Amino acid sequence: MSAAADAAPGGPEAPGPVNSPWVPAAGLAPGPGSPALCWAALLACLSLACAYVGSLYVWNSHLPRDHPAVIKRRFTSVLIVSGLSPLFVWLWKELTGIKPGISLLVLLGFRLEGIVPATLLPLLLTMVLFLGPLIQLSMDCPWDWVDGLKVMFDPRFWALCLSDMRWLRNQVIAPLTEELVFRACMLPMLIPCTGLGPAIFTCPLFFGVAHFHHVIEQLRFRQSSVASIFLSAAFQFSYTAVFGAYTAFIFIRTGHLIGPVLCHSFCNYIGFPAICAALEHPQRLTVVIFYVLGMVLFLLLLHPMTDPAFFGDIPICSLSATSSGFSVCS
Numbered sequence: 014m015s016a017a018a019d020a021a022p023g024g025p026e027a028p029g030p031v032n033s034p035w036v037p038a039a040g041l042a043p044g045p046g047s048p049a050l051c052w053a054a055l056l057a058c059l060s061l062a063c064a065y066v067g068s069l070y071v072w073n074s075h076l077p078r079d080h081p082a083v084i085k086r087r088f089t090s091v092l093i094v095s096g097l098s099p100l101f102v103w104l105w106k107e108l109t110g111i112k113p114g115i116s117l118l119v120l121l122g123f124r125l126e127g128i129v130p131a132t133l134l135p136l137l138l139t140m141v142l143f144l145g146p147l148i149q150l151s152m153d154c155p156w157d158w159v160d161g162l163k164v165m166f167d168p169r170f171w172a173l174c175l176s177d178m179r180w181l182r183n184q185v186i187a188p189l190t191e192e193l194v195f196r197a198c199m200l201p202m203l204i205p206c207t208g209l210g211p212a213i214f215t216c217p218l219f220f221g222v223a224h225f226h227h228v229i230e231q232l233r234f235r236q237s238s239v240a241s242i243f244l245s246a247a248f249q250f251s252y253t254a255v256f257g258a259y260t261a262f263i264f265i266r267t268g269h270l271i272g273p274v275l276c277h278s279f280c281n282y283i284g285f286p287a288i289c290a291a292l293e294h295p296q297r298l299t300v301v302i303f304y305v306l307g308m309v310l311f312l313l314l315l316h317p318m319t320d321p322a323f324f325g326d327i328p329i330c331s332l333s334a335t336s337s338g339f340s341v342c343s
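First residue of the sequence shown? That's 14 in our numbering, and the numbers climb one at a time after it.
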């Protein structure tokens, strides 16, 4: 997703720049990139990930995860943990003495400056990446474009969606809470330790590992063989980690939470591309061309469509101690 990016000084005695946000706390953070600072960030992120996943299992239930009663209970616990997650960042700031000079909510991506392009451009970019699956879906859909638009603007359709617990989980609650916890809260804590570029690839590891909790439920309800369950979990870890790196990149480049949330919701709706079905499609050549075209256009448009100039001053970039070579923030 990005080339070599901003790197923080490696030594514990390295001083911050003149206008740096680093204000070392007594006995903990002698400077950006120090071992103490990195341990504080890793422990905070690990605690946050465990709290998020653990909140799903505070309810003693013998029902599967897709049962409406289970979904409603998990909504309650995960919303509480997500609502409290900014406290982890606040506590981390107090313990390390890092003062970015901006409010906590702004640092977490809740701001109005550049909100319109931050809402539209990342979603359009993600749709470009999924151009092949979208074309494939339109070919297989029995409706034409007019019928599809009529359904989209029909209030009854949205009322039906909002009454569906699984739809709410996949399209609203999961994207919002996961992006808040695993991107907006973790990245500000990781960047002072790792720098911008490494943080993009470190942050998704917590996100990928967090999805291993599905193994527990699959084993519990004997949904498949043990080998198939763990193979599926490894595959899920891989693509959730790649997706997490992408939304982390979007979050840093835009400084907004809304873009990653909408991209997450869209990807949950489309699902992983059905590549095998594409290769067996009656119009295989056309579908494959759009798959390739989508990936090529995505790579070409990735940086222009996420240019920080569209979104104003990027708050999280103030946490990067130094800049060398290509910068994610410019």
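Cβ atoms here follow ideal geometry from the backbone N, Cα and C, with glycine treated the same way.
Please read these numbers as outputs of a predicted model, since none were measured by experiment.
Simplified DSSP assignment, three categories, for residue i
i      : result
Ile111 : strand
Pro77  : coil
Val300 : helix
Ile327 : coil
Glu192 : helix
Pro295 : coil
Gly29  : In this prediction, Gly29 scores a pLDDT of 38, lower than 50, which makes its location untrustworthy; no coordinate-derived value is stated.
Ser47  : coil
Val164 : helix
Cys198 : helix
Ala287 : coil
Alpha-carbon spacing of residue i relative to residue j, whole angstroms
i      : j      : result
Val185 : Arg297 : 33 Å
Leu41  : Cys216 : With a pLDDT of only 44 at Leu41, under 50, the local geometry of the prediction cannot be trusted, and the value read off the model is given with reservation. Going by the C-alpha atoms only, they are around 22 Å apart.
Ala246 : Ser238 : 12 Å
Gly221 : Ala254 : 5 Å
Leu138 : Met308 : 10 Å
Ile344 : Gly284 : Here the chain covers residues 14 to 343 and nothing more, so residue 344 does not appear.
Thr89  : Pro81  : 13 Å
Pro77  : Leu218 : 26 Å
Pro43  : Ile271 : Residue placement at Pro43 is flagged as unreliable, the pLDDT there being 42, under the threshold of 50; a coordinate-derived value is accordingly withheld.
Gly122 : Ala172 : 29 Å
Thr207 : Arg87  : 33 Å
Pro48  : Glu107 : 17 Å
Phe279 : Phe250 : 19 Å
Phe324 : Cys58  : 27 Å
Thr319 : Pro135 : 7 Å
Cys342 : Trp156 : 43 Å
Sequence-distant residues of the same chain with beta carbon closer than 7 Å to residue i, five excluded per side
i      : result
Leu200 : Ala212, Cys216, Ala261, Phe264, Ile265, Ile329
Ser98  : Leu61, Leu193, Val194, Cys198
Gly344 : One cannot answer for residue 344 here, as it falls past the ends of the chain, which runs 14 to 343.
Environment of residue i [buried if 16+ CB atoms lie within 10 Å]
i      : result
Val71  : exposed
Glu191 : buried
Met202 : buried
Val141 : buried
Asp19  : Here the model assigns Asp19 a pLDDT of 42, short of 50, so the residue's position is not dependable and the matter cannot be decided.
Trp105 : buried
Tyr259 : buried
Ile124 : Per the sequence presented here, residue 124 reads as Arg, with Ile not at that position. Buried.
Cys63  : exposed
Ala54  : buried
Pro317 : exposed
Cys276 : buried
Same chain, Cβ closer than 6 Å to residue i, neighbours up to 5 away in sequence not counted
i      : result
Cys174 : Trp180
Assumed close pair residue i, residue j - CB separation to whole angstroms, cut-off 8 Å
i      : j      : result
Tyr65  : Val102 : Not confirmed; about 14 Å, so no contact.
Arg182 : Ile84  : 5 Å
Ile204 : Ser333 : 6 Å
Proximal residues to residue i (C-beta, below 8 Å), its chain only, five neighbours per side dropped
i      : result
Leu314 : Leu138, Val141
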